[in-house]
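Trainee: Sharing a structure, written as structure tokens. Questions coming.
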């Protein structure tokens with residue numbers, strides 16, 4: 001997770017979470033390098049959610065390919081029978097596609113390279129920080145006063161999580 005305040009990344013946090021069933025896919029291990037021994041003593045999902053509960057309430061969150069990240073988050077909340085926090089979310093992938101259509105790819109590592117940022121791709125803290133820095137640059141590119149003002153500038157409807165469910169983040173057809 002990365003926090004943006006007044007146009008700057010002010011905090012970055014990362015937590016390992018022990019899966020309820022401790023099943024690991026070889027493909028996922030190859031992507032992020034997290035193995036069972038890395039999480040055997042880590043807290044389960046509800047403990048981590050509780051730690052950040054106040055941060056989530058009423059927040060605007062950003063994720064690169066938000067549909068995936070928020071589907072995983074909702075599945076985890078459902079698995080533990082936890083209510084969804086009330087928040088809005090934006091997809092930095094969709095924003096980048098609208099704001100920088102000239103890019104051949106809108107993958108996070110390509111955007112990082114364009115912005116001159118070096119990072120370890122698929123490391124949660126670094127991905128979050130790059131996503132936040134990219135969102136700040138996208139706000140500047142569309143002359144939005146803040147990151148949460150980008151949707152109005154590009155025809156995006158933010159996604160929402162509510163106690164009653166969710167609404168996906170969408171963009172009007174260009």
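In our numbering, the protein residues as written are 1 to 174. A virtual CB, placed ideally from N, CA and C, is assigned to each residue, including glycine.
1. Within the same chain, show all residues whose beta-carbon is closer than 7 angstroms to that of residue 144, passing over the 5 residues directly before and after it, in chain order.
2. In whole angstroms, what separates the C-alpha of residue 120 from that of residue 131?
3. Identify whether residue 131 lies in helix, strand or coil by the three-state DSSP scheme.
4. Give the C-beta separation of residue 40 and residue 15 to the nearest angstrom, bearing in mind that I take them to be a contact with Cβ-Cβ under 8 angstroms.
5. Between residue 10 and residue 25, what straight-line distance do the alpha-carbon atoms span, to the nearest angstrom?
6. Using a Cβ-Cβ cutoff of less than 8 angstroms, which residues in the same chain neighbour residue 122 once the five nearest sequence positions on both sides are dropped?
7. Which of the three DSSP states, helix, strand or coil, is assigned to residue 107?
8. With respect to the beta strand (DSSP E) encompassing residue 90, which residues constitute its N-terminal and C-terminal limits?
9. Report, in whole angstroms, the separation of the C-beta atoms of residue 62 and residue 135, which I expect to be a contact under 8 angstroms.
10. In this structure, how does DSSP classify residue 73 when only helix, strand and coil are distinguished?
11. Just the Cα atoms here: how many angstroms apart are residue 2 and residue 56?
12. I need the DSSP call for residue 140, collapsed to helix, strand or coil.
13. Would residue 68 and residue 89 be called neighbours here (beta carbons separated by less than 8 angstroms)?
14. Exposed or buried, residue 75, counting other C-beta atoms within 10 Å across all chains shown (16 or more means buried)?
Mentor: If we stick to the structure as given:
1. Reading the chain shown from its first residue, position 144 is the one you call residue 144. Close CB contacts of residue 144 within its chain, under the 7 angstroms cut and outside five residues either way in sequence, are with 150 and 153 (chain order).
2. The count along the chain shown starts at 1 and reaches residue 120 at position 120. The count along the chain shown starts at 1 and reaches residue 131 at position 131. Inter-residue distance for residue 120 and residue 131 is about 13 angstroms (C-alpha atoms, whole angstroms).
3. Numbered from 1 along the chain shown, position 131 holds the residue referred to as residue 131. If DSSP states are grouped into helix, strand and coil, residue 131 belongs with the helices.
4. Indexing the chain shown from 1 puts residue 40 at position 40. Indexing the chain shown from 1 puts residue 15 at position 15. No, residue 40 and residue 15 are not in contact; Cβ-Cβ is about 15 angstroms, not under 8 angstroms.
5. Sequence index remark: in the chain shown, residue 10 carries index 10 (1-based). Sequence index remark: in the chain shown, residue 25 carries index 25 (1-based). Near 34 angstroms, if we compare the C-alpha coordinates of residue 25 and residue 10.
6. As a position in the chain shown, residue 122 is number 122, starting the count at 1. 31, 32 and 33, listed in sequence order.
7. In the chain shown, the residue the question calls residue 107 occupies position 107. It is coil, neither helix nor strand.
8. Here residue 90 refers to the residue found at position 90 of the chain shown. Note, residue 90: beta strand (DSSP E), 87-91.
9. The residue given as residue 62 occupies position 62 in the chain shown. The residue given as residue 135 occupies position 135 in the chain shown. Approximately 5 angstroms separates the beta-carbon atoms of residue 62 and residue 135; this is inside 8 angstroms, confirming the contact.
10. Start at 1 with the first residue of the chain shown, and residue 73 comes out as number 73. Here residue 73 sits in helix by DSSP.
11. Position 2 of the chain shown holds residue 2. Position 56 of the chain shown holds residue 56. It is roughly 12 angstroms from the alpha-carbon of residue 2 to the alpha-carbon of residue 56.
12. Walking along the chain shown from the start, residue 140 turns up at place 140. Assigned with DSSP and collapsed to three states, residue 140 falls in helix.
13. The residue you call residue 68 lines up with position 68 of the chain shown. The residue you call residue 89 lines up with position 89 of the chain shown. No.
14. Along the chain shown, one-based indexing puts residue 75 at 75. So residue 75 counts as exposed.
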